[in-house]
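S.K.:
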Amino acid sequence: MNKQSIYGLTLEELTSWLMEHGHKKSRAAKVWEYVYRKRVTDFGDMTEANKECVQLLSEHFVFQTMEEHVKQESADGTIKFLFRLYDGNLIETVLMRQKYGLSVCVTTQVGCNIGCSFCASGLLAKSRDLSSGEIVEQIMKVQLHLDQAGLGQRVSHVVVMGIGEPFDNFTNLLKFLTTVKDHKGLAIAGKGITVSTSGLAGKIREFADANTQVNLAISLHAPNNELRTSIMKINRAIPLEKLMPAIDYYLEKTNRRITLEYILLKDINDRQEHALELAELIGEHRRQLVNVNLIPYNPVDEHSQYQRTDREVVRAFFDTLKKQGVSVSTRLEHGVDIDAACGQLRSKQIKKTQEAI
2 MNKQSIYGLT LEELTSWLME HGHKKSRAAK VWEYVYRKRV TDFGDMTEAN
52 KECVQLLSEH FVFQTMEEHV KQESADGTIK FLFRLYDGNL IETVLMRQKY
102 GLSVCVTTQV GCNIGCSFCA SGLLAKSRDL SSGEIVEQIM KVQLHLDQAG
152 LGQRVSHVVV MGIGEPFDNF TNLLKFLTTV KDHKGLAIAG KGITVSTSGL
202 AGKIREFADA NTQVNLAISL HAPNNELRTS IMKINRAIPL EKLMPAIDYY
252 LEKTNRRITL EYILLKDIND RQEHALELAE LIGEHRRQLV NVNLIPYNPV
302 DEHSQYQRTD REVVRAFFDT LKKQGVSVST RLEHGVDIDA ACGQLRSKQI
352 KKTQEAI
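Okay, structure coming up:
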């Protein structure tokens, strides 16, 4: 791809670029309005912007770097998009209809190297990071889908929980957050954005220092090193002895609540002893700023050794944490009648392509 994505520029970068090319600062604001408020997808539609400015931009930038390959719609309103990137790679983006608004789950990498043994996203190793523009474009594709419906709906929440480890693409993640939060553009509030990491301790500290004012979630999934290592190989390099101090640093630095994500796997990490151990791991000093989010497991064909925990066991796990004074919630399920597991649609499509060759 010879031209850069217009979505890859923050407002500050767009302003600097135009000024370096001889244009007034005010012209950047006008272009930004066209891109994110009027949501044009062709430079030719910027009819009220300076013509020389628009011509210059069209020579160096593009709007479209990906196209819709597959779209699955669930009975509950969830839509899973499979986008084909300019280099032929496939990524997933999901629109979820929540009680509090419309939420989009974005992907940050093509594939994933974290190696969680229960996850469909890691079935294919990481081949590259997504640019900040490619991450922003996922939001724009979904918003344009909503615009076309003509109901006046807008994306109000973002979860960075799709394929890949966001903190392994840290610089582009921060640029993405700057762009989607910009009050002159999409204006998605920081409190409506959640970034999920598998637990890269050093990056958790950097994220705290960056003061992004967005929410952080940690994929924990086990209360001790032995169990966590057996299902998440990242724990070999970053065991709980390194992860928990990084969480403490984040809590002390930001004073923001943090979510510990816990996928319940039948007969593996869902026993009462695990709930008690998890409460002990959290400890008294963290409980005011920590919430445990229990997540029903979406079975994946390639990981048949894992099954969904029975509802009564989920309830017992929930109740045990509550009795220990731990804030706990259970994630609402979305898209259960389509390829619900993250990365599942992508892996199926790639498998179909390989079988056809």
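For the sequence shown, this note's numbering gives the first residue as 2, with consecutive numbering after it.
A virtual CB, placed ideally from N, CA and C, is assigned to each residue, including glycine.
With three or more C-beta pairs closer than 8 Å as the rule, is the stretch 178 to 189 touching the stretch 222 to 234?
M.R.: In short, these stretches do not touch, since the Cβ pair count stays below three.
S.K.: In three-state terms, what does DSSP make of Asp249?
M.R.: Correct three-state label for Asp249: helix.
S.K.: I need the boundaries of the beta strand (DSSP E) containing Lys72, first residue and last residue.
M.R.: Residues 67 to 74.
S.K.: Measure how close the beta-carbons of Asn114 and Lys100 come, nearest whole angstrom, since I'm counting them as under 8 Å.
M.R.: Incorrect: roughly 35 Å between the Cβ atoms, too far for contact.
S.K.: Would the beta-carbon of His222 fall within 8 Å of that of Ile264?
M.R.: Result yes, Cβ atoms of His222 and Ile264 sit closer than 8 Å.
S.K.: Locate the alpha helix (DSSP H) running through Cys106, then write down its first and last residues.
M.R.: Counting along the chain, Cys106 falls outside any alpha helix (DSSP H), though it belongs to the beta strand (DSSP E) covering 102 to 106.
S.K.: In chain order, what residues of the same chain have a beta carbon less than 7 Å from the beta carbon of Phe318, not counting five sequence neighbours either side?
M.R.: Closer than 7 Å at Cβ, skipping near neighbours: Leu265, Asp271, Ala276, Leu295.
S.K.: Taking C-alpha atoms, which residue in Ile259, Glu262, Ser199 lies nearest to Ile235?
M.R.: Nearest option by C-alpha distance: Ser199.
S.K.: Can you tell me which of Pro300, Lys52, Gln110 puts its alpha carbon nearest to the alpha carbon of Phe168?
M.R.: Among Pro300, Lys52, Gln110, the Cα nearest to that of Phe168 is on Gln110.
S.K.: Can you tell me whether Ile233 is helix, strand or coil according to DSSP?
M.R.: This sequence places Met at residue 233; Ile is not what is there. Met233: strand per DSSP, three-state reduction.
S.K.: Enumerate in chain order the residues of its own chain whose CB-to-CB distance from Thr108 is below 8 Å, with the five nearest sequence positions on each side excluded.
M.R.: Ile92, Glu93, Thr94, Leu131, Ile136, Gln139, Gly163, Ile164, Gly165.
S.K.: Please tell me whether Thr195 and Val143 are closer than 8 Å, where the distance is taken between their beta carbons.
M.R.: No. Outside cutoff.
S.K.: I'd like the list of long-range same chain contacts for Arg98, defined as Cβ closer than 6 Å, with 5 residues on each side in sequence excluded.
M.R.: Only Gly78 meet the Cβ criterion.
S.K.: With a 10 Å radius around its C-beta and 16 neighbouring C-beta atoms as the bar for buried, classify Tyr8 as buried or exposed.
M.R.: Looking at its Cβ environment, which holds 16 or more other Cβ atoms inside 10 Å, Tyr8 is buried.
S.K.: Just the C-alpha distance for Arg258 and Gly151, rounded to the nearest angstrom, thanks.
M.R.: Roughly 36 Å between the two C-alpha positions.
S.K.: Going by DSSP in three states, Pro300 sits in which element: helix, strand or coil?
M.R.: Coil, per DSSP.
S.K.: Taking the DSSP output, what are the residues bridged to Met162?
M.R.: DSSP output for Met162 lists no bridge partner at all.
S.K.: Assign Ala238 to one of three DSSP states: helix, strand, or coil.
M.R.: The answer is helix: DSSP assigns Ala238 an H, G or I state.
S.K.: What is the DSSP secondary structure of Met97, counted as helix, strand or coil?
M.R.: Residue state, collapsed to three classes: strand.
S.K.: Would you tell me roughly how many angstroms separate the C-alpha atoms of Gln149 and Leu103, rounded to the nearest one?
M.R.: Taking the straight line from one Cα to the other gives about 15 Å.
S.K.: Pull up the distance between the alpha-carbon of Lys4 and that of Gly203, whole angstroms please.
M.R.: Looking at the two C-alpha atoms, the distance is approximately 34 Å.
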